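First comes the structure, then the notes that go with it.
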Amino acid sequence: MRLRHAIPLAGATALVSAAASAETITVATVNNNDMVIMQGLTDEFEKAHPDITLDWVVLEENVLRQRMTTDIATQGGQFDVMTIGTYEVPIWAERGWLTPLADLPDDYQVNDLLKPVRDGLSYDGTLYALPFYAESSMTYYNKALFEKAGIEMSDQPTWQEVSDWASRIHDPQNEVYGICLRGKPGWGENMAFVSTLVNTYGGRWFDMDWNPQLDSQAWQDAVSFYVDLLNNYGPPGASSNGFNENLALFSRGNCGMWVDATSAAGKLYNPDESQVADQLGFAPAPIAETPKGSHWLWSWALAIPATSDSKDAAETFITWATSQDYIELVGETKGWTSVPPGTRESTYENENYQQAAPFADFVLNAIREADPTDSTQEPAPYVGVQFVGIPEFQAIGTQVGQMIAAALTGDMSVEQALSSAQRSTERTMKRAGYPK
């Protein structure tokens, strides 16, 4: 989707001249709700910066990742601003693909950015992207459906409890499903969730010698549980559902529970966006054998590729879109539950946000507690909770995600899927020269 916004003509020669000479920057982003709001505020940015025009390319998550990776690896130069995440930033920065953001204006208040988020978007102590929103993961549940089934949510739910509760809520004849989870294949879609499930089952992607562990008992137990849970108590077509699809299902009252990104809380709690706003409950992400790695850490962030010919204009835009002033603008014009969460200390100190968002402190603590350097029960050689911070993981996670989705649809057994995933990952790692 490509949307072009021009400065509104007011009939004044000066405005016409400014519009004619405006520098156009191309912004690539994902079609998530917070980014849709950002795109909708284009006119606000262009009024304040009449010398800059924004040209938007808005894509579904998997497509965005593919386009961004291809463009930056080939130095295509199609984009001036890229929406990328905690996985890509340090890898691409090391390769010299991103513009360092070392001299940000004082009024940007870089130290107001939450430290775990800031650190995840840095390489060698320098920021290479600015966080638009950040998230961990948590359990959402429909309090009305829980009450109807006589269920009381635990302070720290376990996956076994979740399975039991899903069985009691599941009522497919009335389009009510016990649980909704990501099934759409992709390293940042189904594998973001599955990786946290494997973590809490005591598993890991690799041992300390970089040997893949996908044929381990922990992976077998976690993926078997996942497949059985969704096939027994999930919605039809679960293998096609990612974040956005499950968000829509839960907000319509079709899901008893949903374990996913904390960033969905604001939309679910907004009665203009959600039919279950007054019935929304939340709890920590469930655990199985260990709490380690049970909830992820992620940030969607705005970065400037080194190939951009409009770096100054791009920096003007990304500092605006990730600033305290932008958060105030969204709060005042769209409602405080709609502000981009998880990025700034000042957001969580804001009385307006605290009053509008009862989940605020819960989300902040989840982000602070997620530890990408210690997310597995047994030692692992990598950084990352729901991903492995090496360049090869994008291909590995994509391949494994397709195999897990095939197990979910019944095209292959869990054992076959994990055996294939193990062999595929071994080949990829061997070609890449691991162990290094």
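Mapping of the sequence shown onto mature numbering (1 follows the signal peptide of the UniProt record, and there is no 0): residues -22 to -1, 1 to 414, in sequence order. Glycine included, C-beta positions come from ideal geometry on N, C-alpha and C. Treat the numbers as computed from the prediction; the structure is a model and nothing was measured.
Whole-angstrom distance between residue j and residue i, CA atom to CA atom
i: residue 48; j: residue 54; result: 8 Å
i: residue 117; j: residue 291; result: 40 Å
i: residue 259; j: residue 378; result: 32 Å
i: residue 284; j: residue 77; result: 5 Å
i: residue 21; j: residue 289; result: 21 Å
i: residue 82; j: residue 88; result: 8 Å
i: residue 211; j: residue 348; result: 28 Å
i: residue 367; j: residue 388; result: 30 Å
i: residue 4; j: residue 99; result: 21 Å
i: residue 313; j: residue 335; result: 10 Å
i: residue 203; j: residue 126; result: 25 Å
i: residue 205; j: residue 29; result: 53 Å
i: residue 372; j: residue 309; result: 35 Å
i: residue 237; j: residue 69; result: 28 Å
i: residue 410; j: residue 369; result: 10 Å
i: residue 402; j: residue 413; result: 16 Å
i: residue 294; j: residue 164; result: 32 Å
i: residue 94; j: residue 114; result: 11 Å
i: residue 34; j: residue 43; result: 16 Å
i: residue 172; j: residue 60; result: 26 Å
i: residue 279; j: residue 128; result: 41 Å
i: residue 346; j: residue 148; result: 34 Å
i: residue 96; j: residue 251; result: 30 Å
Simplified DSSP assignment, three categories, for residue i
i: residue 76; result: strand
i: residue 132; result: coil
i: residue 315; result: helix
i: residue 116; result: strand
i: residue 1; result: strand
i: residue 331; result: helix
i: residue 64; result: coil
i: residue 94; result: helix
i: residue 32; result: strand
i: residue 354; result: coil
i: residue 412; result: coil
i: residue 194; result: coil
i: residue 6; result: strand
i: residue 82; result: coil
i: residue 100; result: strand
i: residue 108; result: strand
i: residue 37; result: strand
i: residue -13; result: Residue confidence for residue -13 is low, a pLDDT of 43 falling below 50, so the modelled location carries little weight and cannot support an answer.
Nearest neighbour of residue i, chosen from the options [CA to CA]
i: residue 10; options: 162, 223, 20, -1; result: 223
i: residue 197; options: 409, 397, 411; result: 397
i: residue 111; options: 304, 313, 391; result: 304
i: residue 485; options: 102, 266, 36, 74; result: No answer is possible for residue 485: it lies beyond the span of the chain, which begins at -22 and ends at 414.
i: residue 36; options: 23, 18, 139; result: 18
i: residue 355; options: 295, 263, 184; result: 184
i: residue 71; options: 40, 297, 105, 319; result: 105
i: residue 219; options: 172, 162, 245; result: 162
i: residue 300; options: 25, 42, 92, 1; result: 92
i: residue 341; options: 296, 385, 276; result: 276
i: residue 141; options: 250, 95, 208, 150; result: 208
i: residue 263; options: 24, 136, 315; result: 136
i: residue 122; options: 359, 246, 231; result: 231
i: residue 351; options: 132, 339, 365, 338; result: 365
i: residue 385; options: 131, 235, 326, 216; result: 216
i: residue 143; options: 249, 233, 331; result: 233
i: residue 158; options: 170, 400, 134, 119; result: 119
i: residue 359; options: 191, 248, 316; result: 191
i: residue 14; options: 326, 281, 317, 145; result: 317
i: residue 436; options: 108, 134, 324; result: Given that the chain is displayed from residue -22 to residue 414, the structure contains no residue 436 and the question cannot be resolved.
i: residue 1; options: 16, 12, 38, 58; result: 58
Local Cβ density within 10 Å of residue i, reported as buried at 16 or more and exposed below that
i: residue 221; result: buried
i: residue 256; result: exposed
i: residue 178; result: buried
i: residue 186; result: exposed
i: residue 181; result: buried
i: residue 320; result: buried
i: residue 189; result: exposed
i: residue 322; result: buried
i: residue 357; result: exposed
i: residue 394; result: exposed
i: residue 41; result: exposed
i: residue -19; result: The predicted position of residue -19 is uncertain, since its pLDDT is 41 and thus under 50; a value taken from the coordinates is nonetheless stated next. Its Cβ having fewer than 16 others within 10 Å, residue -19 is exposed.
i: residue 242; result: buried
i: residue 315; result: buried
i: residue 329; result: exposed
Inset, instruction - Please go through the stretch 230 to 310 and give each complete beta strand (DSSP E) segment of 3 or more residues, from N-terminal end onward. - result: Those beta strand (DSSP E) runs which fall completely within the stretch 230 to 310 and span 3+ residues are 233 to 239, 258 to 262, 276 to 281.
Inset, instruction - With a floor of 4 residues, list each alpha helix (DSSP H) that falls wholly inside the stretch 128 to 185, ordered by position along the chain. - result: DSSP runs (the alpha helix (DSSP H)) wholly in the stretch 128 to 185: 137 to 147, 168 to 178.
Inset, instruction - Mind listing, in chain order, the continuous alpha helix (DSSP H) runs of no fewer than 4 residues lying wholly within the stretch 362 to 388? - result: Inside the stretch 362 to 388, DSSP marks whole alpha helix (DSSP H) runs of 4 or more residues at positions 371 to 387, from first to last along the chain.
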